[in-house]
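Residue numbers (the numbering used here), protein chains in the order written: chain E, 1 to 649; chain A, 1 to 180; chain C, 1 to 141. C-beta: ideal position from N, C-alpha, C; glycine also. The model shown is predicted, which means the values in this text are computed figures rather than measured ones. Quick notes on the structure that follows.
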Amino acid sequence: MLAEFGNLALVLATVFAALMAVLGFLVNAENSHWSTSLRRATQLQVLFTFSAFLILISLLVISDFSVAYVVQHSNLRSPLFYKVTAAWGAHEGSLLMWNAVLAFWALSLFKLKNVPALLIDKSLAIQGLLLFGFLLFTTLTSNPFVRLEEIPLNGMDLNPVLQDPAMAIHPPMLYLGYVGFSIPFSLVVAMLWTGDMQQATLRWIRPWVVVPWIFLTLGISLGSWWAYYELGWGGWWFWDPVENASLMPWIAGTALLHSLAATEKRGLFLHWTLLLAVMAFAFSVLGSFLVRSGVLISVHSFASDPSRGLFILALFALFVGGALTLYAAKTPIGFTSSGFKAVSRESVLLLNNLLLLVMLLLVMLGTLYPLVLEALGLGKISVGPPYFDYVMLYVSLPLLFFLAVGQRLNWKGLGKYANELKKSLLLSLVLASILTLLFGVVLKSFSFLTIVSVAFSIWIIFSALQVILKYKLEKKSLGFSQFGMFVAHIGVAVFALGVALSNQLANVDTKAVVLGQTVEVGGYQFDFTSLEQDKELNYQLTRAEFVVSKNLQTVTTLNSEKRFYPGRQTSTTEAGIHGGFIRDLYVTLGEPLPTAIEGQQAWSVQYQVRPFIRWIWLGTIFMALGGLIAIFDKRYRTKTLKKGSRADV
Amino acid sequence: MSKRIIVWLPLLVLIALAILFYKGLYLDTNKVPSPFIDKKAPSLILPDLLNPQQQVNLADWKGQVVLLNVWATWCSGCLLEHPVLNAIAKENLAPIIGLNYKDNSQKAKEWLQKSGNPFTAIPNDLSGEVAINWGVYGAPETFIIDKQGVIRYKFIAPISLDDWKNKLRPLVIQLQGERL
Amino acid sequence: MSKQLNIILLSLVICLCSVTILALDTTEFSDAKQQARYQALTNELRCLVCQNESIAGSSSELAQDLRAQVAEQIKTGKSDAEIRTYMTERYGDFILYRPLNAGKTRLLWLAPILLLLLFCVIFISIVNARSKAIIEDEEVV
Numbered sequence: 001m002l003a004e005f006g007n008l009a010l011v012l013a014t015v016f017a018a019l020m021a022v023l024g025f026l027v028n029a030e031n032s033h034w035s036t037s038l039r040r041a042t043q044l045q046v047l048f049t050f051s052a053f054l055i056l057i058s059l060l061v062i063s064d065f066s067v068a069y070v071v072q073h074s075n076l077r078s079p080l081f082y083k084v085t086a087a088w089g090a091h092e093g094s095l096l097m098w099n100a101v102l103a104f105w106a107l108s109l110f111k112l113k114n115v116p117a118l119l120i121d122k123s124l125a126i127q128g129l130l131l132f133g134f135l136l137f138t139t140l141t142s143n144p145f146v147r148l149e150e151i152p153l154n155g156m157d158l159n160p161v162l163q164d165p166a167m168a169i170h171p172p173m174l175y176l177g178y179v180g181f182s183i184p185f186s187l188v189v190a191m192l193w194t195g196d197m198q199q200a201t202l203r204w205i206r207p208w209v210v211v212p213w214i215f216l217t218l219g220i221s222l223g224s225w226w227a228y229y230e231l232g233w234g235g236w237w238f239w240d241p242v243e244n245a246s247l248m249p250w251i252a253g254t255a256l257l258h259s260l261a262a263t264e265k266r267g268l269f270l271h272w273t274l275l276l277a278v279m280a281f282a283f284s285v286l287g288s289f290l291v292r293s294g295v296l297i298s299v300h301s302f303a304s305d306p307s308r309g310l311f312i313l314a315l316f317a318l319f320v321g322g323a324l325t326l327y328a329a330k331t332p333i334g335f336t337s338s339g340f341k342a343v344s345r346e347s348v349l350l351l352n353n354l355l356l357l358v359m360l361l362l363v364m365l366g367t368l369y370p371l372v373l374e375a376l377g378l379g380k381i382s383v384g385p386p387y388f389d390y391v392m393l394y395v396s397l398p399l400l401f402f403l404a405v406g407q408r409l410n411w412k413g414l415g416k417y418a419n420e421l422k423k424s425l426l427l428s429l430v431l432a433s434i435l436t437l438l439f440g441v442v443l444k445s446f447s448f449l450t451i452v453s454v455a456f457s458i459w460i461i462f463s464a465l466q467v468i469l470k471y472k473l474e475k476k477s478l479g480f481s482q483f484g485m486f487v488a489h490i491g492v493a494v495f496a497l498g499v500a501l502s503n504q505l506a507n508v509d510t511k512a513v514v515l516g517q518t519v520e521v522g523g524y525q526f527d528f529t530s531l532e533q534d535k536e537l538n539y540q541l542t543r544a545e546f547v548v549s550k551n552l553q554t555v556t557t558l559n560s561e562k563r564f565y566p567g568r569q570t571s572t573t574e575a576g577i578h579g580g581f582i583r584d585l586y587v588t589l590g591e592p593l594p595t596a597i598e599g600q601q602a603w604s605v606q607y608q609v610r611p612f613i614r615w616i617w618l619g620t621i622f623m624a625l626g627g628l629i630a631i632f633d634k635r636y637r638t639k640t641l642k643k644g645s646r647a648d649v
Numbered sequence: 001m002s003k004r005i006i007v008w009l010p011l012l013v014l015i016a017l018a019i020l021f022y023k024g025l026y027l028d029t030n031k032v033p034s035p036f037i038d039k040k041a042p043s044l045i046l047p048d049l050l051n052p053q054q055q056v057n058l059a060d061w062k063g064q065v066v067l068l069n070v071w072a073t074w075c076s077g078c079l080l081e082h083p084v085l086n087a088i089a090k091e092n093l094a095p096i097i098g099l100n101y102k103d104n105s106q107k108a109k110e111w112l113q114k115s116g117n118p119f120t121a122i123p124n125d126l127s128g129e130v131a132i133n134w135g136v137y138g139a140p141e142t143f144i145i146d147k148q149g150v151i152r153y154k155f156i157a158p159i160s161l162d163d164w165k166n167k168l169r170p171l172v173i174q175l176q177g178e179r180l
Numbered sequence: 001m002s003k004q005l006n007i008i009l010l011s012l013v014i015c016l017c018s019v020t021i022l023a024l025d026t027t028e029f030s031d032a033k034q035q036a037r038y039q040a041l042t043n044e045l046r047c048l049v050c051q052n053e054s055i056a057g058s059s060s061e062l063a064q065d066l067r068a069q070v071a072e073q074i075k076t077g078k079s080d081a082e083i084r085t086y087m088t089e090r091y092g093d094f095i096l097y098r099p100l101n102a103g104k105t106r107l108l109w110l111a112p113i114l115l116l117l118l119f120c121v122i123f124i125s126i127v128n129a130r131s132k133a134i135i136e137d138e139e140v141v
């Protein structure tokens with residue numbers, strides 16, 4: 001019965017989404033009574049979408065095996081937590097969550113004050129159109145409430161690799177980000193539609209760019225963190241097409257954050273900012289297409305089906321095509337913008353956007369090139385990590401360099417400040433270089449590229465700290481927006497340090513070992529002390545214990561497990577990790593080997609010492625934190641209501 | 001003026017992408033085409049599974065169109081394909097050479113005894129080295145080799161009767177019509 | 001019907017390799033340089049069975065065989081280029097995670113430089129125009 005209510009909620013949600021779009025089209029400056037109905041329709045739409053999603057969760061919790069989705073992704077023995085998270089563990093459920101998040105963000109538009117009400121109404125219309133498209137897709141091709149004729153006694157369980165806390169919250173975070181970009185998208189389309197393009201509006205929507213960006217940053221970071229400790233080989237980014245698909249909207253969103261600053265404060269790059277707002281969401285939908293259609297070979301793909309692919313492709317082409325047509329026809333070309341000097345905040349923001357665009361294009365090129373060649377009948381090729389690692393250097397080094405300088409520049413130009421800034425930057429550069437060289441001497445092995453990126457990163461941190469300290473000493477307030485910016489930039493530097501150092505200094509060794517054997521890697525002794533079989537709620541496991549010591553002192557005990565999940569007949573590897581600020585110790589139990597050593601069963605075991613690897617995720621946390629600080633700036637919190645705008649409904 | 005044109009550029013890019021993805025939807029992205037198509041077949045000389053003293057040499061079939069099927073009992077697709085191979089063998093259109101790929105010889109013999117033997121000869125590739133030389137990456141795979149000993153076609157996946165009737169059979173007949 | 005069966009079978013074959021089964025390769029060389037070359041090469045060759053893994057990380061049979069080939073060829077003194085050629089002759093360019101800097105994939109390697117040059121030109125022209133706008137503003141004042 002519950003599944004039927006789910007279906008009903010889905011259908012009603014679709015109907016009200018259509019109603020939102022229609023009412024939104026009818027609204028105009030003269031008759032505001034449509035506006036009231038529109039907002040009621042939106043509230044009901046959100047209610048029904050949420051209901052559908054909650055019903056799916058309930059079905060999973062009560063293990064209603066008459067529903068196909070529940071059978072495929074849940075099991076009686078699963079812990080409650082993973083019964084709930086199975087709601088977004090596969091294609092149909094995650095699509096329903098996409099809709100729920102889309103509805104949530106539509107509702108958040110009610111909170112956007114100080115923006116002309118007509119603009120909000122038109123944005124709600126666009127949001128309704130998006131919801132209608134995606135809900136139609138859900139209902140017609142991917143309905144999670146489909147019932148089975150024969151009811152099995154138990155389900156197949158959620159994919160074991162997804163049975164992990166980080167993986168469980170990774171998709172909601174990611175979706176809050178991806179789908180959050182629908183708000184700048186809708187608002188910009190509404191601005192183009194109504195022709196009402198005030199600089200002030202762009203300022204008010206800034207938090208609606210920053211918050212999705214924070215979620216996306218954390219979501220991608222969580223995914224990478226998960227890959228690091230769950231997949232068991234210590235990698236954190238694989239340049240897999242689906243990872244790239246999540247990176248592209250992030251790069252577009254990051255570019256948007258920066259160009260928006262120039263547009264809202266100086267009226268510059270307006271049409272570029274509008275385009276980026278469309279692009280950030282376009283890349284989100286594109287990512288969803290790439291994951292769900294199977295056009296690219298990827299580990300993360302949901303089961304592919306051409307009819308589904310075709311449907312999302314149609315949605316993508318219609319939504320983005322419509323927005324871009326509107327953009328091409330109505331973007332203000334003759335918009336007079338103010339001038340700026342070659343060395344000014346405006347020019348570095350421009351540089352930042354151009355470099356991020358190059359980065360975006362390179363990721364896109366590498367990801368899609370094999371598809372292009374194949375579609376043209378020119379054969380099949382692969383573009384993998386060696387390519388991306390190489391080309392990213394071209395963008396990341398200039399980005400780091402200009403970031404260290406750029407974050408210190410003023411709007412319009414330097415003026416009297418020039419000399420002071422030159423001295424200050426030179427000081428931090430010299431300090432950063434000395435520190436890098438000392439570091440290099442202590443650690444001995446350093447490549448030229450590592451030295452350069454480490455020096456630039458430390459320089460960024462120093463250059464940011466100089467300002468923060470100066471304000472502290474002079475007892476002046478820096479402002480949340482500025483402070484947030486510096487924190488986020490320190491995050492970029494910490495991230496870059498993590499990437500460069502963990503890459504350069506890693507010690508990895510894979511050995512065939514027997515119980516009791518000690519292996520030395522990177523100055524640490526790993527002693528294989530025990531091996532046992534065990535059983536948990538929904539899996540069986542083999543656990544190996546390693547005692548790690550350095551200079552005869554025990555550092556830690558690591559457990560690595562091989563798990564077998566009977567529900568899905570698959571096994572997973574759990575690495576044993578000892579995290580640290582300076583280094584991670586990482587042990588992975590492999591397979592029993594056919595060869596025996598001195599009559600004992602040998603196992604393959606991978607030992608890793610990875611210095612500074614945690615800084616990668618620490619950096620992303622700082623970036624997100626910076627964003628969070630920035631939205632508390634008082635410029636976005638003015639409570640005064642302008643004429644024509646409306647209070648909360 | 002030029003800006004009026006530039007603002008249409010994103011739309012053009014989108015249209016190009018949409019066309020690309022539309023084409024991409026109907027490509028089989030998981031199959032890797034063989035670089036051997038229209039190239040001379042690599043040498044294949046291996047002991048016969050059923051008669052280990054005897055060497056099977058593909059070159060002995062020169063002048064005939066040959067199907068080379070890569071199979072093993074550990075490959076579930078191969079087992080499903082087996083009845084189709086039996087049917088093909090019954091037609092007596094072309095010899096099927098069954099390259100037994102990294103298999104347990106005993107199990108392979110038992111399987112053939114139980115389910116019938118469609119193969120004219122069964123080169124036994126225990127180490128998988130010959131298969132690597134042929135660019136085999138999974139089983140079942142079926143090569144069609146023409147009279148000159150040139151690989152003309154590679155089918156990756158279990159052959160269904162439809163595949164045989166609509167794709168492979170017409171090609172074999174066409175190749176048989178070619179002059180030596 | 002049979003086509004559907006085909007798809008199911010194919011996906012079965014593909015599902016045989018799962019990201020979760022980790023290959024830990026214990027091949028050892030007496031020479032550290034050879035070990036490093038081996039690691040680098042096996043990480044840059046794509047496994048055709050589990051198409052999202054390098055042959056270094058894949059636990060499939062084919063990956064094991066190809067790893068053994070790489071090890072043997074390194075030991076017999078073959079160069080990296082020769083080993084790559086050996087692989088592409090058999091499996092095509094698909095096996096290379098590092099696309100060739102030649103022919104149809106040259107554009108990939110030229111892209112970063114071309115894009116950076118193009119964007120430099122764009123940057124300079126915009127900054128030029130904008131800094132002129134300041135001077136005009138001041139003249140008007």
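Hey, does residue i have any beta-carbon neighbour from chain A nearer than 8 Å?
i: residue 94(C); result: yes
i: residue 189(E); result: no
i: residue 371(E); result: yes
i: residue 394(E); result: no
i: residue 127(C); result: no
i: residue 91(E); result: no
Against chain C, with Cβ distances strictly below 8 Å, would residue i count as a contact?
i: residue 51(A); result: no
i: residue 132(A); result: yes
i: residue 138(A); result: yes
Would you say residue i reaches chain E, if we count a Cβ-Cβ gap shorter than 8 Å as a contact?
i: residue 126(A); result: no
i: residue 134(C); result: yes
i: residue 143(A); result: no
i: residue 21(A); result: yes
i: residue 7(A); result: yes
i: residue 18(A); result: yes
i: residue 24(C); result: yes
Going by alpha carbons, who is nearest to residue i out of the options?
i: residue 106(E); options: 238(E), 40(E), 481(E); result: 40(E)
i: residue 266(E); options: 532(E), 30(E), 338(E), 96(E); result: 338(E)
Report back the beta-carbon spacing between residue i and residue j to the nearest angstrom; my notes put them in contact at under 8 Å.
i: residue 100(A); j: residue 49(A); result: 5 Å
i: residue 74(E); j: residue 90(E); result: The pair is not a contact, with the Cβ atoms about 10 Å apart (cut-off 8 Å).
i: residue 387(E); j: residue 46(C); result: Actually they are not in contact, since the Cβ atoms of residue 387(E) and residue 46(C) sit about 12 Å apart, beyond 8 Å.
Using DSSP with H/G/I as helix, E/B as strand and the rest coil, what is residue i?
i: residue 166(A); result: helix
i: residue 99(E); result: helix
i: residue 627(E); result: helix
Could I get the ranges of all uninterrupted alpha helix (DSSP H) runs contained in the segment 398–456 of chain E, with 4 residues as the minimum, in chain order?
417–443
Threshold first: 3 residues or longer. Then list the beta strand (DSSP E) segments lying entirely within the segment 500–545 of chain E, N to C.
507–513, 518–521, 524–535
Of all the alpha helix (DSSP H) runs that stay within the bounds of the segment 12–86 of chain E, which reach a length of 4 or more residues?
33–61, 68–73, 80–85
Quick one: which unbroken beta strand (DSSP E) runs of 3-plus residues sit fully inside the segment 178–234 of chain E? Chain order, please.
none
Beta strand (DSSP E) runs contained entirely in the segment 64–125 of chain A, provided each spans 3 or more residues:
66–71, 96–101
In chain order, which continuous runs of the beta strand (DSSP E) of length 3 or greater are located wholly inside the segment 231–284 of chain E?
none
Kindly provide the ranges of any beta strand (DSSP E) runs that are 3 or more residues long and lie completely inside the segment 329–405 of chain E, ordered along the chain.
none
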